[in-house]
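Here's the structure, in C-alpha coordinates; my notes come after.
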Amino acid sequence: MKKIDCLGDVCPVPIIKTKKGLQSIGPGESIIVVTDHSCTLEALVSLLENYNVKFESDEVINGVWEITVTKL
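Under the UniProt record's numbering, the first residue of the sequence shown carries the number 1, and numbering increases by one thereafter.
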(Lines of atoms letter the chains of each structure in order from A and count residues from 1; the text may use other names and numbers.)
(Lines give C-alpha, C1' and ligand atoms only; values in the text may rest on other atoms or scores of the structure.)
Protein backbone atom coordinates (compact mmCIF):
# COMPACT_ATOMS: atom_id res chain seq x y z
CA MET A 1 0.00 0.00 0.00
CA LYS A 2 1.39 3.37 -1.05
CA LYS A 3 1.51 6.14 1.55
CA ILE A 4 1.21 9.78 0.47
CA ASP A 5 2.60 12.17 3.06
CA CYS A 6 0.80 15.51 2.96
CA LEU A 7 1.76 16.68 6.45
CA GLY A 8 2.29 20.43 6.30
CA ASP A 9 1.01 20.66 2.73
CA VAL A 10 -1.79 23.11 1.98
CA CYS A 11 -4.28 22.89 -0.88
CA PRO A 12 -3.98 22.22 -3.73
CA VAL A 13 -0.80 20.17 -3.12
CA PRO A 14 -2.55 17.24 -1.35
CA ILE A 15 -5.17 17.10 -4.13
CA ILE A 16 -2.45 16.92 -6.80
CA LYS A 17 -0.53 14.26 -4.87
CA THR A 18 -3.70 12.20 -4.39
CA LYS A 19 -4.62 12.37 -8.09
CA LYS A 20 -1.10 11.21 -9.03
CA GLY A 21 -1.31 8.44 -6.45
CA LEU A 22 -4.63 7.23 -7.85
CA GLN A 23 -3.14 7.10 -11.34
CA SER A 24 -0.33 4.87 -10.10
CA ILE A 25 -2.54 2.11 -8.67
CA GLY A 26 -4.82 -0.46 -10.21
CA PRO A 27 -8.26 -1.76 -9.26
CA GLY A 28 -8.31 -3.29 -5.80
CA GLU A 29 -5.17 -1.43 -4.71
CA SER A 30 -5.10 1.27 -2.05
CA ILE A 31 -3.27 4.41 -1.05
CA ILE A 32 -3.18 6.16 2.32
CA VAL A 33 -3.12 9.95 2.38
CA VAL A 34 -1.86 11.49 5.63
CA THR A 35 -2.77 15.12 6.32
CA ASP A 36 -2.82 17.53 9.22
CA HIS A 37 -5.25 20.04 7.71
CA SER A 38 -8.99 19.59 8.14
CA CYS A 39 -9.63 21.65 4.99
CA THR A 40 -7.56 19.12 3.03
CA LEU A 41 -9.73 16.33 4.42
CA GLU A 42 -12.88 18.12 3.25
CA ALA A 43 -11.40 18.85 -0.20
CA LEU A 44 -10.31 15.21 -0.63
CA VAL A 45 -13.76 13.91 0.31
CA SER A 46 -15.31 16.20 -2.33
CA LEU A 47 -12.75 15.07 -4.91
CA LEU A 48 -13.04 11.35 -4.19
CA GLU A 49 -16.83 11.35 -4.52
CA ASN A 50 -16.23 11.90 -8.26
CA TYR A 51 -13.94 8.85 -8.63
CA ASN A 52 -14.74 5.14 -8.69
CA VAL A 53 -13.17 4.58 -5.27
CA LYS A 54 -14.05 3.57 -1.75
CA PHE A 55 -12.55 5.72 0.98
CA GLU A 56 -12.60 6.15 4.72
CA SER A 57 -10.91 8.61 7.02
CA ASP A 58 -9.62 8.18 10.53
CA GLU A 59 -8.23 10.81 12.89
CA VAL A 60 -5.25 8.78 14.12
CA ILE A 61 -4.07 11.46 16.54
CA ASN A 62 -5.54 14.83 17.34
CA GLY A 63 -5.33 16.89 14.14
CA VAL A 64 -3.83 14.17 11.90
CA TRP A 65 -5.99 12.18 9.51
CA GLU A 66 -5.33 9.10 7.41
CA ILE A 67 -7.58 8.70 4.38
CA THR A 68 -7.50 5.21 2.93
CA VAL A 69 -8.55 5.16 -0.73
CA THR A 70 -9.19 1.91 -2.58
CA LYS A 71 -9.70 1.93 -6.35
CA LEU A 72 -12.71 -0.13 -7.43
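No residue lacks a Cβ here, since even glycine has one placed at the ideal position from N, Cα and C.
Query: Inter-residue spacing [alpha-carbon to alpha-carbon] between Val-53 and Val-69; Result: 7 Å
Query: Leu-41 vs Thr-18 beta-carbon contact at 8 Å; Result: no
Query: Span separating the alpha-carbon of Ile-31 from that of Glu-56; Result: 11 Å
Query: Residue interval of the beta strand (DSSP E) (run including Val-60); Result: 53-61
Query: Local conformation of Ser-24 per DSSP, three classes; Result: coil
Query: Cβ-based neighbour list, Leu-48, same chain, cut-off 7 Å, excluding 5 preceding and 5 following; Result: Phe-55 and Val-69
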